[in-house]
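J.: After the structure tokens below, expect a handful of questions from me.
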Amino acid sequence: MSCIVVGVTGGIAAYKAVEIVRQLNLLGFQVKVIMTEHATRLVGPATFRAISGNPVALSLFEEEFGAMQHISLSHEADLIIVAPATANILAKMANGLADDLLSTTLLASRAPVLAAPAMNDYMYAHPATEANLKILKQRGVQIVGPGCGFLACGGKGEGRMAEPSEIVDAALEILGLYRKLDGVNVLVASGGTREPIDPVRFIGNRSSGKMGYALAEAAKGMGAEVLLISAPTTMEQPIGVERVMVETAEEMEKEVKTRAPHCKAIVMAAAVADFTPIEISGKKIKKLEKGGLYLELKHTPDILKELGENKPVGQILVGFAAETEDLLEHARQKLKGKNLDLIVANDVSREDSGFESDYNKAFLLFRDGREVELSLMPKRDLASLIWLEIAGLLERA
Ligand SMILES: Cc1cc2nc3c(=O)[nH]c(=O)nc-3n(C[C@H](O)[C@H](O)[C@H](O)COP(=O)(O)O)c2cc1C
0 MSCIVVGVTG GIAAYKAVEI VRQLNLLGFQ VKVIMTEHAT RLVGPATFRA
50 ISGNPVALSL FEEEFGAMQH ISLSHEADLI IVAPATANIL AKMANGLADD
100 LLSTTLLASR APVLAAPAMN DYMYAHPATE ANLKILKQRG VQIVGPGCGF
150 LACGGKGEGR MAEPSEIVDA ALEILGLYRK LDGVNVLVAS GGTREPIDPV
200 RFIGNRSSGK MGYALAEAAK GMGAEVLLIS APTTMEQPIG VERVMVETAE
250 EMEKEVKTRA PHCKAIVMAA AVADFTPIEI SGKKIKKLEK GGLYLELKHT
300 PDILKELGEN KPVGQILVGF AAETEDLLEH ARQKLKGKNL DLIVANDVSR
350 EDSGFESDYN KAFLLFRDGR EVELSLMPKR DLASLIWLEI AGLLERA
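With numbering that gives the first Met the number 0, the residue at position 128 of the sequence shown is 127, and numbering never jumps.
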């Protein structure tokens with residue numbers, strides 16, 4: 000479900016498509032916008048570019064995007080949304096016309112299509128439009144709206160584009176993500192803890208927090224009430240998610256332990272330090288002329304183990320295993336030893352994934368012995384897959 004292509008056509012509701020793109024972006028989707036020439040007369044491509052964070056595709060013949068943009072976009076898309084869908088694009092789709100970038104991409108794609116018709120009530124009620132919509136529905140194109148209301152051309156009638164949030168919900172429904180975790184309290188622990196040595200130094204690790212934040216965003220997108228307990232990171236707070244910042248393993252333990260009993264699902268994606276200095280110097284330790292610095296370390300609390308030992312009935316507990324060798328063996332031991340329902344195992348020695356990367360290559364190992372190898376994918380896709388599995392486990396719990 001990584002990439003959603005939004006086709007914006009020349010309807011007065013084109014400005015509302017900005018809000019659709021914004022909402023999809025906030026939900027963590029990669030959004031690519033195609034505008035028809037007429038759409039650009041109503042809203043500037045720069046707006047969509049800024050909101051989607053991607054270049055806007057405008058024409059079949061744009062050298063900078065490669066010679067076959069219609070093919071690359073049609074393959075990339077996991078869903079194509081046409082909003083607003085003018086009477087014109089509906090007619091072109093129904094008849095298989097391919098005379099610009101959007102219509103050609105639609106014809107070349109096998110991704111599901113969601114269209115949000117928007118037009119004057121007479122245009123909507125015209126037998127040609129009616130027939131076109133009938134054909135499209137028969138072919139499996141999903142139609143959302145239109146509604147009845149005030150039209151830009153004046154007066155009231157049927158033809159007003161569905162609201163952006165309705166269109167986004169319909170998209171989530173098609174992708175199988177719609178409110179799968181509706182109202183469920185979930186906890187995500189993320190980031191790498193820091194164990195202080197003195198006021199300026201700490202023992203840290205390479206966790207960026209990207210996986211945990213992707214998990215928090217994906218859960219929010221599926222309707223969950225999300226609590227994100229985060230060790231230091233440069234990631235921005237996801238909208239609609241409650242975030243508690245912590246620094247050390249001990250602080251993480253305290254927050255997680257207090258909040259865990261109220262949650263139906265917990266995903267520990269944080270890289271919690273295993274050791275912490277026994278003594279923290281109150282002053283900055285000076286550089287010595289000779290000899291080294293010896294730190295004595297003690298074990299930090301094993302948060303995942305404690306959660307596993309005190310797991311309430313029906314709660315789903317998920318851990319991560321970031322390993323550099325014997326990945327599956329270590330992950331299986333951790334799954335059992337810590338009483339987890341699911342462990343996400345990833346080899347952090349790979350160069351194309353793991354810490355700091357936007358991608359991850361993982362295995363999912365379940366309590367019932369099921370083991371699934373996933374391909375290399377963006378962390379936000381992995382996050383959605385993990386939550387879909389958790390939603391399934393919650394249903395069966
Ligand atoms: C200001 C303005 C608003 C328009 N709004 C709509 C509309 O809401 N729905 C529609 O089907 N056509 C609308 N049109 C007509 C379309 O822009 C026209 O049919 C055009 O050919 C559509 O091209 P496209 O589908 O390639 O974007 C509007 C035209 C103008 C000038």
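A virtual CB, placed ideally from N, CA and C, is assigned to each residue, including glycine.
Taking its Cβ as the centre, do 16 or more other Cβ atoms sit within 10 Å of Val4, making it buried, or is it exposed?
T.: Flag for Val4 reads buried.
J.: Work out the CA separation of Phe201 and Ser280 for me, nearest whole Å.
T.: So the alpha carbons of these two residues sit roughly 11 Å apart.
J.: Can you give me the Cβ contacts of Pro163 inside the same chain, cut-off strictly under 7 Å, excluding the 5 residues immediately before and after it?
T.: For Pro163, where only same-chain residues beyond five positions count, the Cβ hits under 7 Å are Lys15, Glu18, Ile19 and Gln22.
J.: Rounded to whole angstroms, what is the Cα-Cα separation between Asn184 and Leu392?
T.: In a straight line, the C-alpha of Asn184 is about 15 Å away from that of Leu392.
J.: Once the 5 residues before and after Thr323 are set aside, which same chain residues still bring their CB inside 8 Å of it?
T.: The answer, listed in chain order, is Asp346, Val347 and Ser348.
J.: Do you know offhand how far Glu434's Cα is from Ala97's?
T.: The requested residue 434 is not part of the displayed model; the chain covers only 0 to 396.
J.: Would you check if the region 111-128 and the region 145-160 touch, i.e. whether three or more CB-CB distances between them fall below 8 Å?
T.: Cβ pair count under 8 Å is three or more, so yes.
J.: Less than 7 Å between the beta carbons of Ile33 and Leu101, yes or no?
T.: Closer than 7 Å, so yes.
J.: Going by DSSP in three states, Asn87 sits in which element: helix, strand or coil?
T.: Residue state, collapsed to three classes: helix.
J.: Grouping DSSP H, G and I as helix and E and B as strand, with all else coil, what is Thr275?
T.: Three-state DSSP puts Thr275 in a strand.
J.: Closer than 6 Å to a non-hydrogen atom of ligand 3 - does that hold for the CB of Ile173?
T.: Of the ligands this structure carries, namely ligand 1, none is ligand 3.
J.: When the Cβ atoms of the region 250-269 are set against those of the region 168-186, are three or more pairs found closer than 8 Å?
T.: Yes: at least three Cβ pairs fall under 8 Å.
J.: Are Leu341 and Phe365 close, meaning C-beta to C-beta below 7 Å?
T.: In contact: Leu341 and Phe365 (Cβ atoms closer than 7 Å).
J.: Using DSSP bridges, identify the partner residues of His298.
T.: Paired residues: Phe274.
J.: Which full runs of the beta strand (DSSP E) of 3+ residues lie inside the region 163-192, going along the chain?
T.: Here the runs fully enclosed are 184-189.
J.: Going straight from the alpha carbon of Arg331 to that of Glu372, what length do you get?
T.: For Arg331 and Glu372, the distance between alpha carbons rounds to 14 Å.
J.: If you count every other CB in all the chains shown that lies within 10 Å of the CB of Tyr212, and 16 or more means buried, which is it?
T.: Under this definition Tyr212 is a buried residue.
J.: Kindly indicate the opening and closing residues of the beta strand (DSSP E) around Gln397.
T.: The question about residue 397 has no answer, for the chain in this structure spans 0 to 396.
J.: Among the candidates Thr46, Ala390, Ser51 and Asp77, whose CA atom is the shortest distance from the CA of Ile173?
T.: Comparing Cα-Cα distances from Ile173 to each of Thr46, Ala390, Ser51 and Asp77, the minimum goes to Asp77.
J.: Give the C-beta separation of Gln68 and Glu61 to the nearest angstrom, bearing in mind that I take them to be a contact with Cβ-Cβ under 8 Å.
T.: Sure, about 6 Å apart at Cβ, within 8 Å.
J.: Quick check on Lys337: buried or exposed, where buried means 16 or more other Cβ atoms within 10 Å of its Cβ?
T.: By the neighbour-count rule (16 or more Cβ atoms within 10 Å), Lys337 is buried.
J.: Counting Cβ pairs, one atom from each stretch, are 3 or more of them under 8 Å apart for the region 216-226 and the region 191-198?
T.: Contact fails: fewer than three Cβ-Cβ distances are below 8 Å.
J.: Please determine, among Ser58, Cys2 and Thr85, the residue with the shortest C-alpha to C-alpha distance to Ala13.
T.: If we check each option's Cα against that of Ala13, Thr85 comes out closest.
J.: How would you call Arg369, buried or exposed, if buried means at least 16 neighbouring beta carbons within 10 angstroms?
T.: Answer is exposed; the Cβ neighbour count stays below 16.
J.: If we ignore side chains and look at the alpha-carbon of each, how far apart do Glu388 and Thr35 end up?
T.: Approximately 38 Å between the Cα atoms of the pair.
J.: Using three-state DSSP, classify Val7 as helix, strand or coil.
T.: Three-state DSSP puts Val7 in a strand.
J.: Would you check if the distance between the CB atom of Ser108 and the CB atom of Ser73 is smaller than 7 Å?
T.: Yes; because the gap between Cβ atoms is below 7 Å, this pair is in contact.
J.: Based on the DSSP secondary-structure assignment, which residues constitute the bridge partners of Arg159?
T.: Paired residue(s): Gly146.
J.: Looking at the unbroken beta strand (DSSP E) that takes in Val432, where does it start and where does it end?
T.: It is not possible to answer for residue 432, since the shown part of the chain is limited to 0 through 396.
J.: For Leu294, which residues from the same chain have a beta carbon less than 6 Å from its beta carbon, with the 5 sequence-adjacent residues on both sides left out?
T.: The residues are Pro276.
J.: Taking the alpha carbon of Lys91 as the point to measure from, which residue in Thr103, Ile50 and Glu250 has its own alpha carbon closest?
T.: Closest by alpha carbon: Thr103.
J.: Say yes only if the C-beta of Ile19 is nearer than 6 Å to one or more non-hydrogen atoms of ligand 1, and no if none qualify.
T.: Ile19: no, Cβ never under 6 Å from ligand 1.
J.: Which two residues bound the contiguous alpha helix (DSSP H) that contains Val140?
T.: Per DSSP, Val140 belongs to no alpha helix (DSSP H) and is neither H nor E.
J.: Using 10 angstroms around the beta-carbon of Met0, count the other beta-carbons present and answer buried if the total reaches 16, otherwise exposed.
T.: At Met0, the pLDDT of 48 sits below 50, so the modelled position is not reliable; the number obtained from the coordinates is stated separately. With 16 or more other Cβ atoms within 10 Å, it is buried.
J.: I need the straight-line Cα distance from Ile88 to Ala268, nearest angstrom please.
T.: Going from the Cα of Ile88 to the Cα of Ala268 covers about 44 Å.
J.: Would you mind working out which of Ala382, Ile166 and Ala49 sits nearest Gly208, comparing C-alpha positions?
T.: Among Ala382, Ile166 and Ala49, the Cα nearest to that of Gly208 belongs to Ala382.
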